[in-house]
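Counting in the working numbering, the sequence shown runs from 6 upward without gaps. What follows is a single structure, written as structure tokens, with notes after it.
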Amino acid sequence: MAESAEGEVILSPYRSEDELPELIALMEMDLSEPYTVFTYRYFIRNWPHLCILARCNGKLVGAVIARESPVARTVDNIGYIAMLAVDKSQRRKGIGQRLVERVIEVMLLRCHAVELEAEHVNLGAIRLYERLGFVRTHRMCRYYLNGSDAFKLKKIFRPLKLTEDEDEPAEPEPVVDAAAAVEPSPVSA
Ligand SMILES: CC(C)(COP(=O)(O)OP(=O)(O)OC[C@H]1O[C@@H](n2cnc3c(N)ncnc32)[C@H](O)[C@@H]1OP(=O)(O)O)[C@@H](O)C(=O)NCCC(=O)NCCS
Numbered sequence: 006m007a008e009s010a011e012g013e014v015i016l017s018p019y020r021s022e023d024e025l026p027e028l029i030a031l032m033e034m035d036l037s038e039p040y041t042v043f044t045y046r047y048f049i050r051n052w053p054h055l056c057i058l059a060r061c062n063g064k065l066v067g068a069v070i071a072r073e074s075p076v077a078r079t080v081d082n083i084g085y086i087a088m089l090a091v092d093k094s095q096r097r098k099g100i101g102q103r104l105v106e107r108v109i110e111v112m113l114l115r116c117h118a119v120e121l122e123a124e125h126v127n128l129g130a131i132r133l134y135e136r137l138g139f140v141r142t143h144r145m146c147r148y149y150l151n152g153s154d155a156f157k158l159k160k161i162f163r164p165l166k167l168t169e170d171e172d173e174p175a176e177p178e179p180v181v182d183a184a185a186a187v188e189p190s191p192v193s194a
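Put into structure tokens, the structure is as follows:
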């Protein structure tokens with residue numbers, strides 16, 4: 006593989022399991038939660054297009070791991086950024102911001118919004134996300150294993166698009182049996 010020019014940081018999607026040990030080592034250096042290899046595989050195998058790696062002369066210097074999932078009764082997905090880290094020696098050079106911007110570019114195809122949690126004392130990460138238009142939606146008490154609180158941060162790209170069925174007002178259900186009408190349904194809606 007050809008090397009990038011001195012100092013140039015190249016972003017690319019995750020390609021193969023060979024990259025996993027390096028990726029885990031980078032993430033484990035700073036993240037507030039310990040994740041098993043199964044958690045990494047869950048994200049990377051299901052949404053490899055949302056795992057973006059930053060390399061400088063072949064060395065992994067940053068990464069973002071995310072997923073997208075459907076929003077019920079809509080045609081949209083919602084994005085979720087699970088992990089973001091940049092090697093200590095490469096911080097404050099814009100790599101973290103580029104990674105988040107790139108993963109959002111990919112999410113824009115199918116997602117109406119993206120969200121994540123950040124430890125309430127992680128002011129650097131919170132500033133990075135707020136610069137990109139994320140807002141704090143709520144604070145979750147003792148969210149992390151270390152007892153620390155988290156902020157939920159969210160950026161909305163566009164309004165949710167309902168499925169066609171949801172645009173129509175629902176027909177009232179015909180009441181066939183008066184007794185059944187007052188019993189709670191055994192199946193949730
Ligand atoms: C958070 C993290 C990913 C930022 O990566 P980075 O490449 O250093 O960030 P960038 O250089 O793209 O910063 C973009 C902007 O975010 C803000 N920012 C980033 N780190 C900051 C810090 N330590 N203090 C204050 N602001 C910070 C600044 O506004 C910065 O712009 P500026 O440098 O022009 O002032 C990195 O510090 C990291 O890996 N931390 C440990 C893991 C972590 O906390 N992940 C986030 C979990 S939610």
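Just so it is clear, CB atoms sit at the ideal spot from N, CA and C, and this is done for glycine as well.
Beta-bridge partners of residue i, as assigned by DSSP
{"i": "G67", "result": "A59, V91"}
{"i": "R144", "result": "F156"}
{"i": "P75", "result": "N82"}
{"i": "P18", "result": "I57"}
{"i": "E120", "result": "Y85, K159"}
Any non-hydrogen atom of ligand 1 within 6 angstroms of residue i CB
{"i": "V91", "result": "yes"}
{"i": "D35", "result": "yes"}
{"i": "A59", "result": "no"}
{"i": "I109", "result": "no"}
{"i": "L133", "result": "yes"}
{"i": "A123", "result": "yes"}
{"i": "A130", "result": "yes"}
{"i": "R96", "result": "yes"}
Three-way DSSP call (helix, strand, coil) for residue i in this model
{"i": "V126", "result": "coil"}
{"i": "N82", "result": "strand"}
{"i": "A183", "result": "Interpretation of A183 is limited by its pLDDT of 40, a score under 50 that renders its predicted location unreliable; the figure taken from the coordinates is listed afterwards. Helix, per DSSP."}
{"i": "P189", "result": "Residue confidence for P189 is low, a pLDDT of 35 falling below 50, so the modelled location carries little weight and cannot support an answer."}
{"i": "A7", "result": "For A7, the pLDDT reaches just 43, beneath the cut-off of 50, and the residue's location in the model is therefore unreliable, leaving the point undetermined."}
{"i": "P26", "result": "helix"}
{"i": "L165", "result": "coil"}
Through-space distance from residue j to residue i, alpha-carbon basis
{"i": "C56", "j": "C146", "result": "28 angstroms"}
{"i": "K159", "j": "E169", "result": "26 angstroms"}
{"i": "A4", "j": "V80", "result": "No statement about residue 4 is possible, as the shown extent of the chain runs from 6 to 194 and does not include it."}
{"i": "L167", "j": "R115", "result": "13 angstroms"}
{"i": "L137", "j": "F43", "result": "30 angstroms"}
{"i": "P39", "j": "E33", "result": "7 angstroms"}
{"i": "A68", "j": "D92", "result": "9 angstroms"}
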